[in-house]
Amino acid sequence: MDSSQLLGITTFTYMLSTVLYIAILVFKTPRLGGIATLFTALAWFVQTAGLVMRWIESYQLGIGHAPLTNMYESVVFFAWTIILLYLLIEWKFKTKIIGAFAVPFAFLAMAYASFSTDLDKTINPLIPALQSNWLIAHVVTCFVGYASFAVAAALGIMYLLKNKSTASGNASAALSSRFPSPVVIDDIIHKTMVFGFIWLSGGIITGAVWANSAWGTYWSWDPKETWSLITWFFYAIILHSRYTRGWSGKKIAVLAIFGFLSVLFTYYGVNFLLSGLHSYGSS
Amino acid sequence: MIIFNQLWNFFSSVKLAIFTLCALAGTSIVGTIIPQGESTSFYVQNFGRETAHFFQILDIPNMYYSWWFLGLLGILSTNLIVCSLDRFPAVWKIIKADNLAIEPERIEKMANFNKWEFGTDKLNHIDLAQLLKQNGWHAQSKKIDSNELFFCQKGRWSRTGVYIVHLSILLIFTGAIIGHIWGFKGSVMIPEMSSTQKVFAFKEGEALELGFTVRCNSFAIEFYNNGMPKEYKSSLTIIEQDQEVLTRDIEVNSPLTYKGITFYQSSYQGYQDFILSITENSSGESKVFTLPFQKQMIWEGKDLHFGIVNAEAVGQRVVRAKVWFKSGDSPASIEWLNDNVNTTFTSGAKEYTLAVKQMYATGLQVAKDPGVWVVYIGCGLMLLGLYVAFFRSHQRIWLFKKNGSSTPQLWLSGSTNKNKMAFTQVFEKLKNRIEHAVQR
Ligand code: HEM
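If you read the protein sequences in the order shown, they are chains E and H.
Residue 160 in our numbering sits at position 160 of the first sequence; the count goes up by one each step and never skips.
Residue 1251 in our numbering sits at position 251 of the second sequence; the count goes up by one each step and never skips.
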């Protein structure tokens, strides 16, 4: 078994998990719950094994670096983190419904990583500038942040669905009656956003420290850096409007979705639409 | 005075903070779309004369250092300072408050409250302070007439969390300003075996005196099998008043700092010249020469003549060189030497060890930034402050033993400044423990 097979299996099992979680939601079959969780956890272990294999393979090629150094690897790690966070939330808040919203994000990320032709999947050696432990710290912190924002956005969509159906009382009301209460969803949105904010702050900081150790400049306003700062400002605005202006519920749910769009642009849009120091990420 | 108050209110408002943050986020987008720091002609070419002129007026080509962007940062800083000065005293008062001075009526009105009534005086047999302590709450207590009030709290310092975050932002700005005023950024190319006392500033290209000399002893590149560069490495020596003070290898991501000035390996340049080192094996004497391509040189006093007659390159990189070598009157020998590998030559009665390599210049980025530690402390404080602000809370518990009326009562109440759901669980648990202990 090599890493690409393991990661391929992961993609399909995440698809199955997605289907299972949606089935729980649509067909009201809570008995599937245990299976869905078990399946997702298994897929996550397979993915972990895949990442470890890829790490080992890089050593066998005489390159030797953690599998966190290009766009492909970061998308895989992003999916891995989403599932890890989701499983923690499922365990902590004892609800499986969120899975129908969060797990698809991980599946889509893996599908994109596996099938897109934009991404180079080979294990490449690192140019000198990338050979730094700060790179690993930087990628890990950023992607834990991004993954929490993804989960916050998934919860935001869930909140809006719930809100819409309780307001209008239409057919989807039956579906969303099984969602956690709006107060609980709102609380988890806030918690995931706060968690993401700390990690994003850490991501920006580790990036700055790394740049300083490689080039002697901790901040150079290149497009990627600037977009991460814009995203950071955006979440700071959300936190302040919530904390000091009492915003909650629908407004925050919408902002959580927009925040994630900003994350996506920082992560993906900048590499393909704008140019800068971080252009290595597009390989 | 009225104006002062108005200004104070303006700058302490969170509305202004939200406005400024939105403005910063929004305008920052501009500089990610319009390339920064290009020449005037670049903008004229890409955007037309009129637009380019408009850009010039608004400083768009350098927007992150423009008056209006720095102005926004200034407003943000003022906002942070005034807002903190405005609010912190109240927070300090809560941190330092004497919570035993509370009016009993307020205990009754808290979100988490429970009241027990007892027919007998069995309350007196229970050590309430001990009971609280067993549950992780260290109590202060006070007698009020025949009643007794207990108070416990956790995490009161967590109230400073947001102020630490806000302070950290100011620190980061301060560090950036210090670096801007007392630091510089520049670069320099030093050929191997040469030295320099100056570097060239990025901004205006002006020469900056280092105050000491840096010599590049050697430069080396390693490659992966696929030809990608693996590592650039330079050996640098710092020289002060003709004394060698320090010699160190630097690599990308592993710079050298001397007297606050840091040298970063950033690029290199290959030359057509060669570096030849010759060792006379019998005496151990050795010397290094810089050789232009196809030019004869002499080691005076040893009567050695030598030169590079041919070379083979892959791309810009020389992989081997053909060396012509002659000692005194003995016949010359010619041999291909691999780049930077020791080879023994016999000429006349003596043996020599030769190594030849292509000559490079090392490209260094040179920076002095006395503010960077302030920035790093700011960053550390920010993470600490965020952790405290988000994950710690100030939890307070009051327990009031009321003996005055005919039936003795026990009041328990608690409050927290955030994460109310989690606190309610903590409160319920404590309530059950107390109930259990008292009922026994
Ligand atoms: C990029 C800049 C800023 C960051 C990263 C930041 C960060 C934070 C954080 C993390 C919190 C805690 C929120 C919570 O507990 O949910 C907070 C609260 C707060 N911030 Fe900021 N802040 C920034 C700028 C400002 C500015 C300019 C002001 C000026 C008025 C401000 C005023 C406040 C206030 C009043 C609170 C609530 C404090 C309290 O009463 O506990 N912030 N901020």
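Note that the Cβ used here is the ideal one computed from N, Cα and C, for glycine as well.
**Prompt:** Near serine 279 of chain E, which residues of its chain fall below 6 Å by C-beta distance, leaving aside the five closest residues on each side in sequence?
**Reply:** Indexing the first sequence from 1 puts residue 279 of chain E at position 279. The predicted position of serine 279 of chain E is uncertain, since its pLDDT is 43 and thus under 50; a value taken from the coordinates is nonetheless stated next. Contacts found: none.
**Message:** Going by beta-carbon coordinates alone, are serine 1092 of chain H and glutamine 1409 of chain H separated by less than 8 Å?
**Reply:** Position 92 of the second sequence holds residue 1092 of chain H. Position 409 of the second sequence holds residue 1409 of chain H. One detail in the question is off: residue 1092 of chain H reads as tryptophan in this sequence, not serine. No, Cβ-Cβ distance for tryptophan 1092 of chain H and glutamine 1409 of chain H is not below 8 Å.
**Request:** May I ask you to check if the CB of isoleucine 205 of chain E is nearer than 7 Å to at least one heavy atom of the ligand HEM?
**Result:** Looking up residue 205 of chain E in the first sequence gives position 205. Outside the cutoff, so no.
**Item:** Proximity winner among E/Ala154, E/Ser176, E/Trp210, relative to histidine 284 of chain E (alpha-carbon distances)
**Value:** Here chain E has residues from 1 to 283 only, and residue 284 of chain E is not among them.
**Asked** At what residue ranges does the segment 95 to 178 of chain E contain a whole run of the alpha helix (DSSP H), taking only runs of 4 or more?
**Response** 99 to 115, 133 to 168, 172 to 176
**Message:** Please report the distance separating the alpha-carbon of threonine 1353 of chain H from that of isoleucine 1334 of chain H.
**Reply:** Here residue 1353 of chain H refers to the residue found at position 353 of the second sequence. Here residue 1334 of chain H refers to the residue found at position 334 of the second sequence. So the two alpha carbons sit approximately 14 Å from each other.
**Item:** When H/Asn1226, H/Ser1413, H/Tyr1224, H/Ala1422 are compared against leucine 1132 of chain H, the one with the closest alpha-carbon
**Value:** Residue mapping note: residue 1132 of chain H aligns to position 132 of the second sequence, counting from 1. Per the Cα distances, H/Ser1413.
**Message:** Suppose you measure from the CA of tyrosine 82 of chain E to the CA of alanine 150 of chain E; what does that come to, to the nearest Å?
**Reply:** Stepping through the first sequence from its first residue, residue 82 of chain E is reached at position 82. Stepping through the first sequence from its first residue, residue 150 of chain E is reached at position 150. Inspection of the sequence shows that residue 82 of chain E is occupied by isoleucine rather than by tyrosine. So the two alpha carbons sit approximately 7 Å from each other.
**Prompt:** What residue does the beta strand (DSSP E) around methionine 1189 of chain H start on, and which one ends it?
**Reply:** Residue mapping note: residue 1189 of chain H aligns to position 189 of the second sequence, counting from 1. 1184 to 1191 is the span of the beta strand (DSSP E), which, as asked, contains methionine 1189 of chain H.
**Asked** Ordered along the chain, which non-local residues of its own chain (more than five positions away) have a Cβ less than 7 Å from that of leucine 20 of chain E?
**Response** For the purposes of this step, residue 20 of chain E is taken as residue 20 along the first sequence, with counting starting at 1. Here the set comprises Leu32, Ile35, Ala36, Phe39.
**Asked** With 16 other CB atoms within 10 Å as the buried threshold, where does leucine 1276 of chain H fall?
**Response** Stepping through the second sequence from its first residue, residue 1276 of chain H is reached at position 276. Answer is buried; the Cβ neighbour count reaches 16.
**Request:** For glutamine 1365 of chain H, return the contacting residues in chain E, with the cut-off set at a CB-CB distance below 8 Å.
**Result:** Residue 1365 of chain H sits at position 365 when you count from the first residue of the second sequence. Simply Trp215, Gly216.
**Item:** Test: leucine 277 of chain E CB closer than 8 Å to a CB of chain H
**Value:** To locate residue 277 of chain E, count along the first sequence from 1; it is residue 277. Low confidence applies here, because leucine 277 of chain E scores a pLDDT of 44, under 50, leaving its location unreliable and the question unanswered by this model.
**Prompt:** Taking only beta-carbon atoms, is glycine 281 of chain E less than 8 Å away from chain H?
**Reply:** Here residue 281 of chain E is taken as the residue at index 281 of the first sequence, counted from 1. Low local confidence applies: a pLDDT of 40 at glycine 281 of chain E is under 50, so the model's placement there is unreliable, with the coordinate-based value given in what follows. No - not a single Cβ of chain H is within 8 Å of the one on glycine 281 of chain E.
**Message:** Here's the rule I'm using: 16 or more other beta-carbon atoms within 10 Å means buried, otherwise exposed. How should threonine 1344 of chain H be labelled?
**Reply:** On the second sequence, residue 1344 of chain H is found 344 positions in, with the first residue counted as 1. With fewer than 16 Cβ atoms within 10 Å of its Cβ, threonine 1344 of chain H is classed as exposed.
**Item:** Which residues DSSP lists as bridging asparagine 1338 of chain H, in chain order
**Value:** What you label residue 1338 of chain H is simply residue 338 of the second sequence in a count that begins at 1. Asparagine 1338 of chain H pairs with H/Arg1320.
**Asked** Between phenylalanine 197 of chain E and tyrosine 146 of chain E, is the Cβ-Cβ spacing less than 8 Å?
**Response** Against the first sequence, residue 197 of chain E aligns to sequence position 197. Against the first sequence, residue 146 of chain E aligns to sequence position 146. Their beta carbons are not under 8 Å apart, which means phenylalanine 197 of chain E does not touch tyrosine 146 of chain E by this criterion.
**Message:** Just to confirm before moving on: does the CB-CB distance between serine 1041 of chain H and histidine 1166 of chain H stay below 8 Å?
**Reply:** For the purposes of this step, residue 1041 of chain H is taken as residue 41 along the second sequence, with counting starting at 1. For the purposes of this step, residue 1166 of chain H is taken as residue 166 along the second sequence, with counting starting at 1. Taking C-beta atoms as the reference points, serine 1041 of chain H and histidine 1166 of chain H fail to come closer than 8 Å.
**Asked** Are the Cβ atoms of glycine 1037 of chain H and asparagine 1062 of chain H separated by less than 8 Å?
**Response** Walking along the second sequence from the start, residue 1037 of chain H turns up at place 37. Walking along the second sequence from the start, residue 1062 of chain H turns up at place 62. Pairing glycine 1037 of chain H with asparagine 1062 of chain H gives a Cβ-Cβ distance under 8 Å.
**Message:** At a CB distance below 8 Å, what residues from the segment 1023 to 1055 of chain H approach chain E? Give them in sequence order.
**Reply:** Leu1024, Ala1025, Ser1028, Ile1029, Gly1031, Thr1032, Ile1033, Gln1036
**Prompt:** Out of curiosity, what's the CA-to-CA distance linking leucine 135 of chain E and glycine 207 of chain E?
**Reply:** Translated into the one-based positions of the first sequence, residue 135 of chain E becomes position 135. Translated into the one-based positions of the first sequence, residue 207 of chain E becomes position 207. Straight across, the Cα-Cα distance linking leucine 135 of chain E with glycine 207 of chain E is about 7 Å.
**Item:** Proximal residues of chain E, C-beta to C-beta of isoleucine 1057 of chain H below 8 Å
**Value:** Position 57 of the second sequence, counting from 1, holds the residue named residue 1057 of chain H. What isoleucine 1057 of chain H touches in chain E: nothing, since even the nearest Cβ is about 20 Å away.
**Request:** May I have the straight-line CA-CA distance separating lysine 1230 of chain H from leucine 130 of chain E, to the nearest angstrom?
**Result:** Translated into positions along the second sequence, residue 1230 of chain H becomes position 230. Translated into positions along the first sequence, residue 130 of chain E becomes position 130. If you take the alpha carbons of lysine 1230 of chain H and leucine 130 of chain E, they lie about 10 Å apart.
**Message:** Can you find the residues in the same chain that come closer than 6 Å, C-beta to C-beta, to serine 283 of chain E, ignoring five residues on each side of it along the sequence?
**Reply:** Counting from one through the first sequence, the residue named residue 283 of chain E turns up at place 283. Low confidence applies here, because serine 283 of chain E scores a pLDDT of 33, under 50, leaving its location unreliable and the question unanswered by this model.
**Request:** Please check the pair arginine 1433 of chain H and glycine 1161 of chain H, which I expect to be a contact at CB under 8 Å, by giving their CB distance rounded to whole angstroms.
**Result:** Working through the second sequence from its first residue, we reach residue 1433 of chain H at position 433. Working through the second sequence from its first residue, we reach residue 1161 of chain H at position 161. In this structure, arginine 1433 of chain H and glycine 1161 of chain H do not form a Cβ contact; the two beta carbons are roughly 29 Å apart against a cut-off of 8 Å.
**CB contact check: methionine 1382 of chain H to chain E, cutoff 8 Å** = Position 382 of the second sequence, counted from the start, is the residue given in the question as residue 1382 of chain H. Yes, contact with chain E.
**Asked** Does the beta carbon of alanine 214 of chain E fall short of 7 Å from some heavy atom of the ligand HEM?
**Response** Translated into positions along the first sequence, residue 214 of chain E becomes position 214. Not under cutoff, so the answer is no.
**Prompt:** Whose CA, out of H/Phe1219, H/Ser1267, H/Tyr1268, lies closest to the CA of arginine 1248 of chain H?
**Reply:** Along the second sequence, one-based indexing puts residue 1248 of chain H at 248. Out of H/Phe1219, H/Ser1267, H/Tyr1268, H/Phe1219 has the C-alpha closest to the C-alpha of arginine 1248 of chain H.
**Asked** Between the Cα of threonine 266 of chain E and the Cα atoms of E/Phe143, E/Arg242, E/Ala111, which residue gives the shortest distance?
**Response** Here residue 266 of chain E corresponds to residue number 266 of the first sequence, with the count starting at 1. Nearest C-alpha to threonine 266 of chain E: E/Phe143.
**Request:** Please classify methionine 1110 of chain H: does DSSP put it in a helix, a strand, or coil?
**Result:** Taking the first residue of the second sequence as 1, we reach residue 1110 of chain H at position 110. Methionine 1110 of chain H: coil per DSSP, three-state reduction.
**Prompt:** Rounded to a whole number of angstroms, what is the C-alpha to C-alpha distance between alanine 1422 of chain H and phenylalanine 27 of chain E?
**Reply:** What you label residue 1422 of chain H is simply residue 422 of the second sequence in a count that begins at 1. What you label residue 27 of chain E is simply residue 27 of the first sequence in a count that begins at 1. Alanine 1422 of chain H and phenylalanine 27 of chain E: Cα-Cα distance of roughly 32 Å.
**Asked** In three-state terms, what does DSSP make of phenylalanine 1011 of chain H?
**Response** Here the question's residue 1011 of chain H lines up with position 11 in the second sequence. DSSP places phenylalanine 1011 of chain H within a helical segment (H, G or I) once states are collapsed to three.
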